[in-house]
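The structure under discussion appears below in the form of structure tokens.
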């Protein structure tokens, strides 16, 4: 009996502990969320009217721009015939190396109803045959009218039966950071692909003197040469490059600004090559070290380290130490902005340059001139046209002056000498030098005839 009573007491005690534990640890109070009305809400919205460039994603209509663009963007197929590496048997027995066809693809943009198409130079480089397929699946053979490797722009032409849909060039200088854009092209051979994003940045240099528009609209291999358009369907860029360790899109891409592409296309059609209008300075971005050396607090602008002789900058009175703050209506924060704007200009154009000199703003009207220097193929020599002083000093009327050489040629003492012949061909100017050095083969011998500062001829064979 005592044992039963003990068990009953233990059971009651255990039940009490269990009930208490549940109340303490598991049963929660039933709270209600109490809200109070505030006269001034914490988050406010603007009552100002919104535009397409500043509207939210749900307020932007991309359909108009997409409809205008997809029929004007084409698929470009590049057939290249390459030969395999030669072997000893090829050399001894005269075997011909096997020709291997390689097919590359990209995009292009129709810019006129009669079939002119703009694309990237790297899309059509080394092509044996080019084919263009329209959005309606019609295919045409394409002719290369001209190209420019520096801007990575090429102009093609097809002959179609009917007038073609085309895109008009917009003004890329007016593109704003944060503005909605569409990228249209043929990534991975998926024709007529449209992606949306914003202008992430402008005047990206990518390590070159060229200026690019950066966007976060998805761009992949095959998009090269395609269209970057605003919400009005205006062509503001030619999609050109991505930066990626995988080779695919990782969040941002780059486009050649339409003002640059338009100018290159017009030059090719009118002159057959690109006319480059040069300011005539050397310089770079301001940084804390340069600003400290100059004794200035401003870190925005282009510092002029040197002015090229007989250039438009020298004629206008620009000096070493000047800081370029503005060119025409473009505020200059860095060198890529300056070079990007000037890439849309030609020799003879006049630009208004605002500079800071010793803390005072000055305005200089600079007439752009033709390219005075060129980096020669094969050797990497930097040469320039002869000035009046050079011709008098060296006693010559033609030739090009070497102003810099790669390190591997430093022991030859070539700087400041004038090249007058290459392989017995006279050299008049940098155009002649570029053409002749372009023919130089690394497997053969090349002779240079030069004049030194004492007026003596020198012959060097490489």
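Numbering (this note's numbering), first residue to last: 1 to 462.
Here a beta-carbon is modelled for each residue, glycine too, at the ideal position from N, C-alpha and C.
Pair within 9 Å by beta-carbon distance, residue i and residue j
{"i": "residue 257", "j": "residue 198", "result": "no"}
{"i": "residue 113", "j": "residue 65", "result": "no"}
{"i": "residue 109", "j": "residue 227", "result": "yes"}
{"i": "residue 254", "j": "residue 243", "result": "yes"}
{"i": "residue 191", "j": "residue 62", "result": "no"}
{"i": "residue 130", "j": "residue 156", "result": "yes"}
{"i": "residue 128", "j": "residue 186", "result": "no"}
{"i": "residue 78", "j": "residue 172", "result": "no"}
{"i": "residue 175", "j": "residue 268", "result": "no"}
{"i": "residue 281", "j": "residue 304", "result": "yes"}
{"i": "residue 427", "j": "residue 416", "result": "no"}
{"i": "residue 135", "j": "residue 73", "result": "yes"}
{"i": "residue 424", "j": "residue 367", "result": "no"}
{"i": "residue 357", "j": "residue 321", "result": "yes"}
{"i": "residue 170", "j": "residue 229", "result": "yes"}
{"i": "residue 179", "j": "residue 309", "result": "no"}
{"i": "residue 71", "j": "residue 165", "result": "yes"}
Through-space distance from residue j to residue i, alpha-carbon basis
{"i": "residue 348", "j": "residue 189", "result": "43 Å"}
{"i": "residue 286", "j": "residue 325", "result": "11 Å"}
{"i": "residue 355", "j": "residue 210", "result": "22 Å"}
{"i": "residue 364", "j": "residue 383", "result": "28 Å"}
{"i": "residue 218", "j": "residue 148", "result": "26 Å"}
{"i": "residue 446", "j": "residue 385", "result": "21 Å"}
{"i": "residue 452", "j": "residue 387", "result": "16 Å"}
{"i": "residue 461", "j": "residue 444", "result": "10 Å"}
{"i": "residue 369", "j": "residue 418", "result": "22 Å"}
{"i": "residue 80", "j": "residue 141", "result": "14 Å"}
{"i": "residue 406", "j": "residue 377", "result": "12 Å"}
{"i": "residue 103", "j": "residue 323", "result": "48 Å"}
{"i": "residue 459", "j": "residue 221", "result": "48 Å"}
{"i": "residue 275", "j": "residue 59", "result": "43 Å"}
{"i": "residue 271", "j": "residue 262", "result": "14 Å"}
{"i": "residue 193", "j": "residue 183", "result": "8 Å"}
{"i": "residue 204", "j": "residue 392", "result": "42 Å"}
{"i": "residue 344", "j": "residue 126", "result": "27 Å"}
{"i": "residue 454", "j": "residue 408", "result": "25 Å"}
{"i": "residue 200", "j": "residue 216", "result": "6 Å"}
{"i": "residue 290", "j": "residue 352", "result": "25 Å"}
{"i": "residue 196", "j": "residue 288", "result": "37 Å"}
{"i": "residue 111", "j": "residue 294", "result": "47 Å"}
{"i": "residue 362", "j": "residue 317", "result": "10 Å"}
{"i": "residue 457", "j": "residue 239", "result": "50 Å"}
{"i": "residue 359", "j": "residue 252", "result": "38 Å"}
{"i": "residue 437", "j": "residue 299", "result": "41 Å"}
{"i": "residue 292", "j": "residue 206", "result": "26 Å"}
{"i": "residue 375", "j": "residue 161", "result": "43 Å"}
{"i": "residue 526", "j": "residue 283", "result": "Outside the shown range of the chain (1 to 462) lies residue 526, about which nothing can therefore be said."}
Cβ distance (whole Å) where residue i is taken to contact residue j below 8 Å
{"i": "residue 133", "j": "residue 75", "result": "4 Å"}
{"i": "residue 158", "j": "residue 117", "result": "7 Å"}
{"i": "residue 319", "j": "residue 307", "result": "6 Å"}
{"i": "residue 312", "j": "residue 279", "result": "6 Å"}
{"i": "residue 138", "j": "residue 177", "result": "In fact, because the Cβ distance is near 38 Å, the residues do not count as touching under 8 Å."}
{"i": "residue 264", "j": "residue 107", "result": "Not quite, the Cβ-Cβ distance comes to about 17 Å (not below 8 Å), so this is no contact."}
{"i": "residue 233", "j": "residue 69", "result": "6 Å"}
{"i": "residue 224", "j": "residue 122", "result": "7 Å"}
{"i": "residue 421", "j": "residue 449", "result": "4 Å"}
Extent of the continuous beta strand (DSSP E) run through residue i
{"i": "residue 305", "result": "302–307"}
{"i": "residue 333", "result": "Note, residue 333: premise wrong, no beta strand (DSSP E); not H, not E."}
{"i": "residue 405", "result": "From DSSP, residue 405 is part of no beta strand (DSSP E); its letter is neither H nor E."}
{"i": "residue 292", "result": "Counting along the chain, residue 292 falls outside any beta strand (DSSP E), though it belongs to the alpha helix (DSSP H) covering 288–294."}
{"i": "residue 450", "result": "447–451"}
{"i": "residue 357", "result": "350–357"}
{"i": "residue 181", "result": "180–185"}
{"i": "residue 362", "result": "360–367"}
{"i": "residue 212", "result": "212–215"}
{"i": "residue 203", "result": "193–204"}
{"i": "residue 458", "result": "457–461"}
{"i": "residue 466", "result": "An answer regarding residue 466 cannot be provided, because it is not within the stretch 1 to 462 covered by the chain."}
Closer than 8 Å: residue i CB and nearest the ligand FAD heavy atom
{"i": "residue 159", "result": "With respect to the ligand FAD, the structure offers nothing, as it holds no ligand at all."}
Enclosing alpha helix (DSSP H) for residue i [first to last residue]
{"i": "residue 124", "result": "121–124"}
{"i": "residue 270", "result": "258–271"}
{"i": "residue 430", "result": "430–437"}
{"i": "residue 69", "result": "63–70"}
{"i": "residue 314", "result": "312–316"}
{"i": "residue 392", "result": "388–394"}
Residue-level contact to chain D via CB, residue i, 9 Å cutoff
{"i": "residue 414", "result": "Reference to chain D is not applicable here, since this structure consists of a single protein chain."}
Indicate whether the contact test is met: 3 or more Cβ pairs, each with one atom in the region 331–339 and one in the region 393–405, closer than 8 Å.
no
Inter-stretch contact at 8 Å, needing at least 3 Cβ pairs: the region 407–414 / the region 422–435
no
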